[in-house]
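**Student:**
Residue numbers (the numbering used here): 1 to 225.
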């Protein structure tokens with residue numbers, strides 16, 4: 001599965017390129033007479049892409065299905081919730097029906113149980129499949145990606161227990177940096193994420209990084225075809 005990395009001097013150009021690939025996936029699904037299935041993410045870079053998609057009135061979102069590839073283990077109204085960002089910036093403006101939205105559960109106060117619950121939902125959607133057949137997956141800043149050497153190194157660094165066992169949804173616990181003067185570490189930051197194994201059938205897996213200061217923005221594209 002080839003992976004390419006495109007550099008952009010302007011973050012807006014990178015966002016437009018991301019939106020273009022999503023539009024391509026929507027069109028391909030429509031021509032094939034099936035729903036377009038997307039895996040969303042909580043990375044802040046995607047907010048500009050969501051904005052561009054809502055401004056294109058020619059897009060047909062009928063039948064599209066929305067899942068999440070990366071979600072902070074917080075409530076749906078928390079400022080860090082990927083669901084909340086997508087709802088407010090993409091789903092609500094487009095008028096997407098609740099039945100097409102499949103958010104990651106976070107109410108059990110048990111990340112492992114909620115990860116299993118979400119995996120059960122995904123496996124019911126794709127019974128007997130080796131991996132979910134997403135048209136597009138938007139990867140988070142520290143998502144369990146696939147493809148390039150850089151991505152594989154990231155996976156190796158962040159791989160949670162159970163990822164190698166064929167699980168589709170993994171719990172990622174990342175210890176936060178200790179704050180100056182703090183007497184003890186805070187609890188780990190917890191995210192529920194699609195595992196690397198769950199991305200193998202995705203048509204496109206995209207990672208959009210906005211460059212800081214004079215650094216270019218980049219779009220990493222893993223293309224299954």
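Note that CB positions come from ideal geometry on N, CA and C, so glycine has one too.
From which residue to which residue does the beta strand (DSSP E) around residue 205 run?
**Tutor:** Along the chain shown, one-based indexing puts residue 205 at 205. That run of the beta strand (DSSP E) goes 204-209.
**Student:** My parser needs the alpha helix (DSSP H) runs of 4 or more residues fully inside the stretch 21-61; what are they?
**Tutor:** The qualifying runs are 46-55.
**Student:** Where do the N-terminal and C-terminal ends of the alpha helix (DSSP H) with residue 120 fall, by residue?
**Tutor:** Here residue 120 refers to the residue found at position 120 of the chain shown. Unbroken alpha helix (DSSP H) run through residue 120: 111-125.
**Student:** Does residue 139 come out as helix, strand or coil in the three-state DSSP assignment?
**Tutor:** As a position in the chain shown, residue 139 is number 139, starting the count at 1. Of the three classes helix, strand and coil, the one that applies to residue 139 here is coil, per DSSP.
**Student:** Can you tell me the Cβ-Cβ gap for residue 49 and residue 15, rounded? I've got them flagged as a contact below 8 Å.
**Tutor:** Taking the chain shown and counting its residues from 1, the one referred to as residue 49 is at position 49. Taking the chain shown and counting its residues from 1, the one referred to as residue 15 is at position 15. Their Cβ separation, rounded to whole angstroms, is 5 Å, which keeps residue 49 and residue 15 in contact under 8 Å.
**Student:** Hey, residue 39 and residue 68 are a contact pair by Cβ (cut 8 Å); roughly how many whole angstroms apart?
**Tutor:** As a first step, residue 39 must be located in the chain shown, where it is residue number 39. As a first step, residue 68 must be located in the chain shown, where it is residue number 68. About 6 Å separates the two Cβ atoms, so the contact holds.
**Student:** Do the stretch 86-105 and the stretch 211-221 meet, that is, are 3 or more Cβ pairs less than 8 Å apart?
**Tutor:** Short answer: they don't touch.
**Student:** Would residue 127 be called buried (16 or more neighbouring beta carbons within 10 Å of its own) or exposed?
**Tutor:** Start at 1 with the first residue of the chain shown, and residue 127 comes out as number 127. With fewer than 16 other Cβ atoms within 10 Å, it is exposed.
**Student:** Helix, strand or coil for residue 264 per DSSP?
**Tutor:** Given a span of 1 to 225 for the chain in the structure shown, any question on residue 264 remains unanswerable.
**Student:** With DSSP as the reference, label residue 72 as helix, strand or coil.
**Tutor:** Looking up residue 72 in the chain shown gives position 72. Reduced to three states, the DSSP call for residue 72 is strand.
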